[in-house]
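J.: These protein sequence lines are chains S and D, in that order.
Just so we're aligned: the first sequence equals residues 1 to 332 in full-length UniProt numbering.
Just so we're aligned: the second sequence equals residues 1 to 332 in full-length UniProt numbering.
Dropping a structure here in C-alpha cells format, bear with me for questions.
Protein chains: 2
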Amino acid sequence: MSSAGPLARHLPIFDAALRAALADGPPELLRLSRYVLGWESADGSPAAAGGKRLRPLLCMEVASACGASPVDALPGAVAVELVHNFSLVHDDIQDRDLLRHGRPTAWQLIGEAQAINLGNFLYTRGLRQLAESRAPGAQLALAMLFEAVERMVAGQWLDLAFESRSDVTEAEYLDMVAGKTGALLGAAAGIGAALAGAGREQVERLRQWGERLGIAFQVHDDYLGAWGDVSATGKSTSSDIVRRKKTLPVVLAMATGAGEELRELYRSPAEDPAHTARIVQLLERAGARERTRELANSFAREAEALLASTGLTAGAAGGLYEFGRLIVERDR
Amino acid sequence: MSSAGPLARHLPIFDAALRAALADGPPELLRLSRYVLGWESADGSPAAAGGKRLRPLLCMEVASACGASPVDALPGAVAVELVHNFSLVHDDIQDRDLLRHGRPTAWQLIGEAQAINLGNFLYTRGLRQLAESRAPGAQLALAMLFEAVERMVAGQWLDLAFESRSDVTEAEYLDMVAGKTGALLGAAAGIGAALAGAGREQVERLRQWGERLGIAFQVHDDYLGAWGDVSATGKSTSSDIVRRKKTLPVVLAMATGAGEELRELYRSPAEDPAHTARIVQLLERAGARERTRELANSFAREAEALLASTGLTAGAAGGLYEFGRLIVERDR
Chain S
1 MSSAGPLARH LPIFDAALRA ALADGPPELL RLSRYVLGWE SADGSPAAAG GKRLRPLLCM
61 EVASACGASP VDALPGAVAV ELVHNFSLVH DDIQDRDLLR HGRPTAWQLI GEAQAINLGN
121 FLYTRGLRQL AESRAPGAQL ALAMLFEAVE RMVAGQWLDL AFESRSDVTE AEYLDMVAGK
181 TGALLGAAAG IGAALAGAGR EQVERLRQWG ERLGIAFQVH DDYLGAWGDV SATGKSTSSD
241 IVRRKKTLPV VLAMATGAGE ELRELYRSPA EDPAHTARIV QLLERAGARE RTRELANSFA
301 REAEALLAST GLTAGAAGGL YEFGRLIVER DR
Chain D
1 MSSAGPLARH LPIFDAALRA ALADGPPELL RLSRYVLGWE SADGSPAAAG GKRLRPLLCM
61 EVASACGASP VDALPGAVAV ELVHNFSLVH DDIQDRDLLR HGRPTAWQLI GEAQAINLGN
121 FLYTRGLRQL AESRAPGAQL ALAMLFEAVE RMVAGQWLDL AFESRSDVTE AEYLDMVAGK
181 TGALLGAAAG IGAALAGAGR EQVERLRQWG ERLGIAFQVH DDYLGAWGDV SATGKSTSSD
241 IVRRKKTLPV VLAMATGAGE ELRELYRSPA EDPAHTARIV QLLERAGARE RTRELANSFA
301 REAEALLAST GLTAGAAGGL YEFGRLIVER DR
C-alpha cells in the first residue's frame, strides 16, 4: 500500500463503499468478485490480497483538492476500481497470465468462459455506481468513464497486436500505454473533479494530469520489470524479461543494432537465466535503461506542470503533488 | 427479416442511427463491428448478413405505441442492439461456436483475445448512446439496461454451469432463460416506453411483457432446434441436438425415465445421425415436445395479458400484439 502514500487515508471509507456496491447480486459472481478484489481466498476464507486501489484513492483526493468532501467522489471511486478489476480479469485471460498479486488469476480458477462473465459483471456493476448518482457532475463523469474504457480497450487491442510485431516504435508503444493505462487513471482524476463540482476546464486539466501520471506509472513499471530490485518488488529480477514481455525497454532496443540478437533471444526458452542476463545487457547497451527512465521522468514532469496549471493551491493539491512524485520514485 | 413482421418499417431509420453510432473510433474495432453487424464481409466488401434486429425494432414500436415518435427511442434502440451483439461475440467464445448467421464467428476470425476486446467495445459503445441522451426518460432507461445486462451475465453463467450438470430442473432452466434472453428483450420494451415518456408503471408492465415474450421466444427456439423444418430454418433438422446442446426439451427428458439413455447418447459422437434420431425419439416419448410447445404458448399468453393491462389501446398496440404472435408462430 506504500505507493498510495498520503492518499491511503481514504482507504477505510472507500473500502466500505466498495463492499456496499457488492452487497447484493448473483451469489457466485459476488463470491468471485470478493476473490478478485482480494477480500477472500478461493475457499471463501478472509484474505488481504487486493491491489493498491490507486485509482479510487486518487479520485477521492482530487475531489478533496477541489474543495469537496472525498465522500462526494465515492460513486466514481467505486466505479473506476471495478472497471479496473474488470480489465484485469479480461487481460489475464487474453495474456494467459497465471498469477496476479501472487494468487491464481480468475480464469485459472473458473475457466476462461466464466471469467469473461465475471469481468462483464464487474464492469456493469462499476458503471451502475456512477450512472445511478444524481450528483450534478455525474453525467460528465460517466461520459469520461466511457471514453476511458473505449481507449483502454483500443490500447489492449494494440498491446495484443504488438506481440506479433518486432518493429513497434516508441511513439506507437506510448500511444498504446496512454490508452491501456493512462486513460483510466486520467478518468479517475477527472471524475473526482467532476463529482466535486469543478468547472469543465479544471476537470479536463486534472484528467490530463492523471493520464500523464498513468503513462509515467506504466513506463516506470516497465523499468522495474527489467531493473527492479528483487527484494522490493517481491518478483524475480527482470520479471518482465523472464516472461518475454515486450515492454518499453525491449521495444526501444529492438529498433537498434541489438535488435537481431534480441529477437533471437526472445524466441529462446524463458527458463535460461543466462539468456535473461544477456537480454538485460543488450537493453543497457542499447541505451534503453536511460531512455526508459528519461521518459518516465518526462511524463511525470509534464503531469506536474499540468497540475500547476489547474489553479489549485499548493496546499490543496499537496497530496496530488506527493502522489505524482511517488509514482516514479517507488521501487515496486 | 420476416419474424420482425410489422416492426420492419422502422428498419431504415434504425439502420442509419446504428451506422452513425459507429461512425468514429478505433478503425480495427469499427471494421470488425461492421462485420459482426453483417454490413461487411471479412475482407471489407459489402454484405447483408446481420441479425433480425428484433430488440431495437421492438424498442421503437413500443415508443410509437406509447404515443411518441419511434425516433425518440433511437438512443435506446441502438444501445440494445449493440449490447445484444456484445453478448453474441462473448457467447460465441464461451460456447466455442464456429458460425453465426452462416459466417465465421468473431473469435474464429481474430482469435479469442481480440474478440473479448471487440465485445467490450460494442458494449461500451452501446451504453454511451443511452448515457449521452438528455431525454427525460434516459436515466431510467439506462438503469433498466444495466439491470438487464447483469441478469444476462448471470443467465449466461448459469447456462455454462448447466453444461456439466444432468439434473437441471425446468424451473432452473426457465430462470436461466429469463436472464439470458428475457432480460434484454424486456429492457428493449421498457426502454422504448421510458424514452417515450411513459409513466413508471406502464414502463414496468411493458418491460415485463417484453421479458415474457423473450422467454417464449427462446423456448420456441429450443423447440425449433429439435423439431424445426430444415427448409425453413436453413439449419439441419434437430440442429441443437446434433450440437448436443442442453436445450429445454433435453432438460425435460433428462428428468424422466429416458434420462439414463439420453445422458449416454449425449456423450456419444455428434456425427452419427442414428443417435440424433434416437435422441429426438426419446424426447418425444418423454413428452418434451408437447411440454416445450405448451411452455412457449403459456409465456406468450402471459405476455399478451400483460400487454392488455398496460392501458394501451388495441389500435396503438396492434403492432405489439402481432409481434407477440409471430414470436411463437415463426418456423425459423
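Note that the Cβ used here is the ideal one computed from N, Cα and C, for glycine as well.
#1: For chain D, check one thing: does any of its Cβ atoms lie closer than 8 Å to the Cβ of P75 of chain S?
#2: Among the residues of its own chain, which have a CB less than 7 Å from the CB of Y173 of chain D, if the five just before and after it don't count?
#3: Pick out whichever of S:V71, S:G76, S:L109 and S:I116 has its Cα sitting closest to the Cα of D91 of chain S.
#4: Tell me whether G182 of chain S is buried or exposed, calling it buried when 16 or more other Cβ atoms sit within 10 Å of its Cβ.
#5: By a C-beta neighbour count over all protein chains shown, 10 Å radius and 16 as the cutoff for buried, is Q281 of chain D buried or exposed?
#6: What three-state label does DSSP hand E40 of chain D in the structure shown?
#7: Answer yes or no: does any C-beta atom of chain D fall closer than 8 Å to that of A154 of chain S?
#8: How many angstroms separate the CA atom of G186 of chain D from the CA atom of D167 of chain D?
#9: Report, in whole angstroms, the separation of the C-beta atoms of R212 of chain D and L306 of chain D, which I expect to be a contact under 8 Å.
#10: Establish whether the CB of P46 of chain D and some CB of chain S are separated by less than 8 Å.
#11: Based on the DSSP output, what are the partners of P273 of chain S in its beta bridges?
#12: How many angstroms separate the CA atom of A255 of chain D from the CA atom of Q94 of chain S?
#13: What is the rounded straight-line gap between the Cα of T276 of chain S and the Cα of P27 of chain D?
#14: Using a cut-off of 7 Å between C-beta atoms, extract the partners of L142 of chain S located in chain D.
#15: Does the segment 60-80 of chain S come within contact of the segment 127-142 of chain S, defined as at least 3 CB pairs closer than 8 Å?
#16: Check whether the segment 217-230 of chain S touches the segment 188-202 of chain S, taking contact to mean three or more Cβ pairs, one atom from each stretch, closer than 8 Å.
#17: Going by DSSP, what residue range makes up the alpha helix (DSSP H) through G324 of chain S?
#18: Quick check on DSSP: helix, strand or coil for L7 of chain D?
#19: Give me the subset of the segment 3-32 of chain D whose CB atoms are less than 9 Å from a CB atom of chain S, sorted by chain position.
#20: Does the Cβ of S41 of chain D have 16 or more other Cβ atoms within 10 Å, making it buried, or fewer, making it exposed?
#21: Do the segment 53-60 of chain D and the segment 9-23 of chain D meet, that is, are 3 or more Cβ pairs less than 8 Å apart?
#22: Does the segment 313-321 of chain D come into contact with the segment 261-269 of chain D, if we say contact requires no fewer than three beta-carbon pairs (one atom in each stretch) closer than 8 Å?
#23: Provide the residue span of the alpha helix (DSSP H) that contains L265 of chain S, from first to last.
#24: Mind checking if T181 of chain D is an interface residue toward chain S, Cβ cutoff 8 Å exclusive?
#25: Can you pull the chain C residues whose beta carbon is under 7 Å from the beta carbon of Q108 of chain S, in chain order?
#26: Taking D300 of chain D as the reference, give the member of D:T124, D:W157 and D:G214 with the closest Cα.
#27: Within 10 Å of its beta-carbon, does L98 of chain D have 16 or more other beta-carbons around it, so buried, or fewer, so exposed?
#28: Pick helix, strand or coil for L99 of chain S, following the three-state DSSP scheme.
#29: Is there a Cβ of chain D sitting closer than 8 Å to that of A171 of chain S, yes or no?
#30: To the nearest angstrom, how far is it from the Cα of T105 of chain D to the Cα of F162 of chain D?
#31: Shortest alpha-carbon distance to L140 of chain D belongs to which of D:R207, D:A68, D:H84 and D:D272?
#32: Exposed or buried, what is S64 of chain S when buried is set at 16 or more other beta-carbons lying within 10 Å of its beta-carbon?
#33: Quick one: what does DSSP say P136 of chain D is sitting in, helix, strand or coil?
#34: Nearest chain D C-beta to M1 of chain S closer than 8 Å, yes or no?
#35: Per DSSP, what kind of secondary structure is P26 of chain D in: helix, strand or coil?
#36: Looking at chain S, is there any beta carbon in it that lies within less than 8 Å of the beta carbon of V250 of chain D?
T.: In short, the structure shows the following:
#1: no
#2: So the list reads L248 and V251, once near-sequence residues are dropped.
#3: For the residues S:V71, S:G76, S:L109 and S:I116, the minimum Cα distance to D91 of chain S belongs to S:I116.
#4: buried
#5: Counting Cβ neighbours within 10 Å, Q281 of chain D comes out exposed, since fewer than 16 surround it.
#6: strand
#7: yes
#8: 28 Å
#9: 6 Å
#10: no
#11: Note: P273 of chain S sits in no beta bridge, so no partner.
#12: 38 Å
#13: 37 Å
#14: Per Cβ cutoff of 7 Å: A131.
#15: yes
#16: no
#17: G318 to E329
#18: helix
#19: G25, P26, E28 and L29
#20: When all chains shown are included, S41 of chain D counts as exposed.
#21: The segment 53-60 of chain D makes contact with the segment 9-23 of chain D, as at least three CB pairs between them are under 8 Å.
#22: By the Cβ rule, the segment 313-321 of chain D does not count as touching the segment 261-269 of chain D, because fewer than three pairs are nearer than 8 Å.
#23: Counting along the chain, the unbroken alpha helix (DSSP H) around L265 of chain S starts and ends at G259 to Y266.
#24: It does not; no Cβ of chain S falls within 8 Å.
#25: Any reference to chain C falls outside this structure, whose protein chains are S and D.
#26: The sequence given here places Ala at residue 300 of chain D; Asp does not occur at that position. It is D:G214 whose Cα lies nearest to the Cα of A300 of chain D.
#27: When all chains shown are included, L98 of chain D counts as exposed.
#28: Strand at L99 of chain S.
#29: no
#30: 23 Å
#31: D:R207
#32: buried
#33: P136 of chain D falls in the coil class under three-state DSSP.
#34: With a pLDDT of 36 at M1 of chain S, under the threshold of 50, the modelled position of this residue cannot be trusted; read the value that follows with caution. Chain D contact via Cβ: absent.
#35: coil
#36: Residue-level contact check: V250 of chain D does not touch chain S, since none of the beta carbons of chain S fall below 8 Å from its beta carbon.
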